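J.: I am attaching a structure below and will ask some questions about it afterwards.
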Amino acid sequence: MSWEAVIGLEIHVQLRTSRKLFCGDLVVFGAEPNRHVCPVCLGLPGALPAVNPEAVRLALRAALALGCTVHPESVWARKNYFYPDLPKGYQITQFDRPLATGGALVFDAASGGEGQVRLRRIHMEEDAGKLLHDRIPGATAVDLNRAGTPLVEIVTEPDLRDPADARAFLGALKRTLEYVEVSDCNMEEGSLRVDANVSVRRAGEDRLGTKTEIKNVNSFSGIERALRMEVARQVGVLEDGGQVVQETLVWDDHRSELRAMRSKEESHDYRYFPDPDLPVLRVSPRTLDEARAALPELPRARRARIQEVFGLSAYDADVLTQARATADYFEAVAGALGDGALAARWVSGPLQALMNRRGEAADALPLRPPTLAALVRLVEEGTVSDAAAKKLLPELAETGETDVRAVVEARGLVQVRDEGRLEAWIDGVLDAHGEEVRRYREGEGRLLGYFVGQVMKASGGAADPRRVRELLLQRLAER
Ligand SMILES: [Zn+2]
58 MSWEAVIGLE IHVQLRTSRK LFCGDLVVFG AEPNRHVCPV CLGLPGALPA
108 VNPEAVRLAL RAALALGCTV HPESVWARKN YFYPDLPKGY QITQFDRPLA
158 TGGALVFDAA SGGEGQVRLR RIHMEEDAGK LLHDRIPGAT AVDLNRAGTP
208 LVEIVTEPDL RDPADARAFL GALKRTLEYV EVSDCNMEEG SLRVDANVSV
258 RRAGEDRLGT KTEIKNVNSF SGIERALRME VARQVGVLED GGQVVQETLV
308 WDDHRSELRA MRSKEESHDY RYFPDPDLPV LRVSPRTLDE ARAALPELPR
358 ARRARIQEVF GLSAYDADVL TQARATADYF EAVAGALGDG ALAARWVSGP
408 LQALMNRRGE AADALPLRPP TLAALVRLVE EGTVSDAAAK KLLPELAETG
458 ETDVRAVVEA RGLVQVRDEG RLEAWIDGVL DAHGEEVRRY REGEGRLLGY
508 FVGQVMKASG GAADPRRVRE LLLQRLAER
């Protein structure tokens, strides 16, 4: 009899603010340890927190983009626990009255078709600091730069049934949050962290099995691997007649293994209570309307529209909408060229390769859409060859030069299509290769490519190879 996994996720997302949630300290990744701290985030006596409105605005955007119900009033709560990375002795979060509840996200299921995951809640909270185990030999150091960084925690219903879908869902979530510019979702820098709850049951059963929690997963592939491993383990325990024990497991990505957390670390007596230093968080109907009006087109809608309007394949539309900046870039080039398929070919091919090489997003690339469109036009009208144009892209990206025609001329890349000049090169080549011409006429058709190559060489690469080929066929037929 087959087994079914039941998976729910808790995703911590760092909001893209310049400052912390309750104080004026800058949020900077990789800064010198304990550089960005103050009495508020250090929890010194008498220091009072004040909410960063920018963080609230971003949390609202996330909630609206995910179709959640935003509550007009939500409450800040203290989650009390002792740990060296938590200087106040409590974390400010939201508990029984979160910012938003409900909502759902549709995604492309790993097995094909659409999947949907309902969301339970989205709340705001502050991040803790970070323990550094590699700075001081034999000791652990504490860096509090990250303490107080604004986060939202997104909690899903246990709607996922397959580890591959958990990964697919996270990809869709990341894309949505990047589109609405709520977070950069950079997993290496810890801007997106995932915990998972997982249990198994016999297929067709409604009752939930005992679940375990997986923590500390910091890559999408890690989530899929950790879940696969844990599902297989639970199935093994149950098939052997045993019982799954509710516990928290830590994922070790390097060793690809799960180990149980010490029970001390998972004591859940947090003694939540409303933070007396912070007033109720109020979101007015007007603020909500403004936030809703400011939302951009979301990824799936954009993908569908781009596919429809520009007549693209589903695959191209998906590639071009992976990042919002790339979709913007594509639409600008397609508009300028009046040809979606042509723009798609250039943007998803050579331009994407260029962005990968430079490690830049489309909106950071000094080569702007009108310049690419101008270059593609020169290729289409035969002024410059496809290959030469592609070779020119890195230079245009480097210099930010916009007068493409001038660059093509200065580099001597203008293709020669003048019949007189082409014929002179062709005659020269045919005269010098009488033997090959004789063999060609006796049936060695493949020599045509050799002649084209010789003409291109004679022209220093400037001849239009397509026209050379046509003229060579004519001329060889005449001789
Ligand atoms: Zn501070």
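Each residue of the sequence shown is one higher than the last, beginning at 58 in our numbering.
All C-beta atoms in this analysis are idealised placements derived from N, C-alpha and C, irrespective of residue type, glycine included.
Treat the numbers as computed from the prediction; the structure is a model and nothing was measured.
1. Given the structure, does K77 come close to ligand 1, in the sense that its CB is under 7 Å from one of the ligand's heavy atoms?
2. What span of residues does the alpha helix (DSSP H) with F226 cover, start to end?
3. Tell whether a beta-carbon distance below 8 Å holds between A116 and L143.
4. Looking at L369 and A418, is the spacing between their C-beta atoms short of 8 Å?
5. Would you mind stating whether H69 and E214 have Cβ atoms separated by less than 8 Å?
6. Return the chain-ordered list of same chain residues with a C-beta closer than 6 Å to the C-beta of A391, the five sequence neighbours on each side being excluded.
7. From R232 to L449, what distance separates their C-alpha atoms?
8. Between the segment 464–478 and the segment 422–442, are three or more C-beta pairs nearer than 8 Å?
9. Quick check on T456: does DSSP put it in helix, strand or coil?
10. Identify which residue in N109, V63, K145 and A134 has its Cα closest to the Cα of P96.
11. Please classify Q71: is it buried, with 16 or more other beta-carbons within 10 angstroms of its beta-carbon, or exposed?
12. Got a sec, what are the start and stop residues for the alpha helix (DSSP H) F86 sits in?
13. Rounding to the nearest angstrom, what Cα-Cα distance links V461 and P342 in this structure?
14. Compute the distance between the beta-carbons of S240 and L230, then report whether it is under 8 Å.
15. May I ask you to check if the CB of G103 is nearer than 7 Å to at least one heavy atom of ligand 1?
16. Beta-carbon separation of L487 and A520 under 8 Å?
17. Which residues mark the beginning and the end of the beta strand (DSSP E) in which Q151 is found?
18. Let me check one thing: in DSSP terms, what residues is R76 bridge-paired to?
19. In chain order, what residues place their C-beta within less than 5 Å of a heavy atom belonging to ligand 1?
20. Can you tell me whether DSSP reads R282 as helix, strand or coil?
21. Tell me whether the segment 252–263 and the segment 191–209 touch, counting them as touching only if at least three CB pairs, one residue from each stretch, are closer than 8 Å.
22. Sorted by chain position, which residues of the same chain lie with C-beta nearer than 8 Å to D420's C-beta, five sequence neighbours on each side aside?
23. Count the other CB atoms within 10 Å of the CB of E492; is the residue buried (16 or more) or exposed (fewer)?
24. In this structure, does DSSP put E182 in helix, strand or coil?
25. Would you kindly report the start and end of the unbroken alpha helix (DSSP H) that includes G491?
26. Could you compute how far the alpha carbon of V512 sits from the alpha carbon of E466?
27. Which ranges would you report for the beta strand (DSSP E) in the segment 84–118 if only whole runs of at least 3 residues count?
28. Quickly, what does DSSP pair F277 with across the bridge? List them, please.
29. Determine the contact status of V237 and L284, defining contact as a CB-CB distance below 8 Å.
30. State whether the segment 118–125 contacts the segment 85–92, with contact taken as three or more CB pairs (one from each stretch) at a distance under 8 Å.
31. Check D165 in the structure and name its three-state DSSP category.
32. How would you call G416, buried or exposed, if buried means at least 16 neighbouring beta carbons within 10 angstroms?
33. In this structure, what does DSSP give as the bridge partners for N137?
T.: According to the structure shown:
1. By one-based count along the sequence shown, residue 77 stands at place 20. Yes, since a heavy atom of ligand 1 falls inside the 7 Å radius drawn around the Cβ of K77.
2. Within the sequence shown, residue 226 is the residue found at index 169, counting from 1. Here the alpha helix (DSSP H) through F226 covers P220 to Y236.
3. In the sequence shown, the residue the question calls residue 116 occupies position 59. In the sequence shown, the residue the question calls residue 143 occupies position 86. No, these two residues do not count as a Cβ contact at 8 Å.
4. Within the sequence shown, the letter at position 361 stands for residue 418. Within the sequence shown, the letter at position 312 stands for residue 369. No; because the gap between Cβ atoms is not below 8 Å, this pair is not in contact.
5. Here residue 69 refers to the residue found at position 12 when the sequence shown is read from its first residue. Here residue 214 refers to the residue found at position 157 when the sequence shown is read from its first residue. No, the pair does not count as a contact, with Cβ atoms beyond the cut-off.
6. Reading the sequence shown from its first residue, position 334 is the one you call residue 391. Cβ neighbours of A391 beyond the five flanking positions: F367, G397 and A400.
7. Here residue 232 refers to the residue found at position 175 of the sequence shown. Here residue 449 refers to the residue found at position 392 of the sequence shown. Those two C-alpha atoms are separated by around 31 Å.
8. yes
9. Here residue 456 refers to the residue found at position 399 when the sequence shown is read from its first residue. Residue state, collapsed to three classes: helix.
10. The residue you call residue 96 lines up with position 39 of the sequence shown. The shortest Cα separation from P96 among N109, V63, K145 and A134 belongs to K145.
11. Position 14 of the sequence shown, counted from the start, is the residue given in the question as residue 71. Per the 10 Å Cβ criterion, buried.
12. As a position in the sequence shown, residue 86 is number 29, starting the count at 1. Element bounds for F86: n/a, residue is neither H nor E.
13. Taking the first residue of the sequence shown as position 1, residue 461 is located at position 404. Taking the first residue of the sequence shown as position 1, residue 342 is located at position 285. In a straight line, the C-alpha of V461 is about 50 Å away from that of P342.
14. Residue numbering aside, residue 240 sits at position 183 when the sequence shown is read from its first letter. Residue numbering aside, residue 230 sits at position 173 when the sequence shown is read from its first letter. Going by C-beta atoms, S240 is not nearer than 8 Å to L230.
15. In the sequence shown, counting from the first residue as 1, residue 103 sits at position 46. No; taking the cut-off as 7 Å, the Cβ of G103 has no heavy atom of ligand 1 nearer than that.
16. Looking up residue 487 in the sequence shown gives position 430. Looking up residue 520 in the sequence shown gives position 463. Against a cut-off of 8 Å, the Cβ pair of A520 and L487 comes out as no contact.
17. Position 94 of the sequence shown, counted from the first residue, corresponds to residue 151. Start and end: Y147 to Q151.
18. Locating residue 76 in the sequence shown gives position 19, counting from the first residue. R76 is bridged to L83.
19. C80, D82, C95, V97 and C98
20. On the sequence shown, residue 282 is found 225 positions in, with the first residue counted as 1. The answer is helix: DSSP assigns R282 an H, G or I state.
21. no
22. Working through the sequence shown from its first residue, we reach residue 420 at position 363. Correct list, in chain order: A382, D385 and Y386.
23. Here residue 492 corresponds to residue number 435 of the sequence shown, with the count starting at 1. Under this definition E492 is an exposed residue.
24. Reading the sequence shown from its first residue, position 125 is the one you call residue 182. Three-state result, E182: strand.
25. The residue given as residue 491 occupies position 434 in the sequence shown. Per DSSP, G491 belongs to the alpha helix (DSSP H) from G491 to R498.
26. Within the sequence shown, numbered from 1, the residue matching residue 512 stands at position 455. Within the sequence shown, numbered from 1, the residue matching residue 466 stands at position 409. Computed Cα separation, rounded: 21 Å.
27. none
28. Along the sequence shown, one-based indexing puts residue 277 at 220. Looking at the DSSP assignment, F277 forms no beta bridge with any residue, so it has no partner.
29. Reading the sequence shown from its first residue, position 180 is the one you call residue 237. Reading the sequence shown from its first residue, position 227 is the one you call residue 284. Not closer than 8 Å, so no.
30. no
31. Here residue 165 is taken as the residue at index 108 of the sequence shown, counted from 1. Three-state result, D165: strand.
32. Working through the sequence shown from its first residue, we reach residue 416 at position 359. Classification of G416: exposed, given that the 10 Å Cβ count is below 16.
33. Working through the sequence shown from its first residue, we reach residue 137 at position 80. The partner list for N137 (beta bridge, DSSP) reads Y147.
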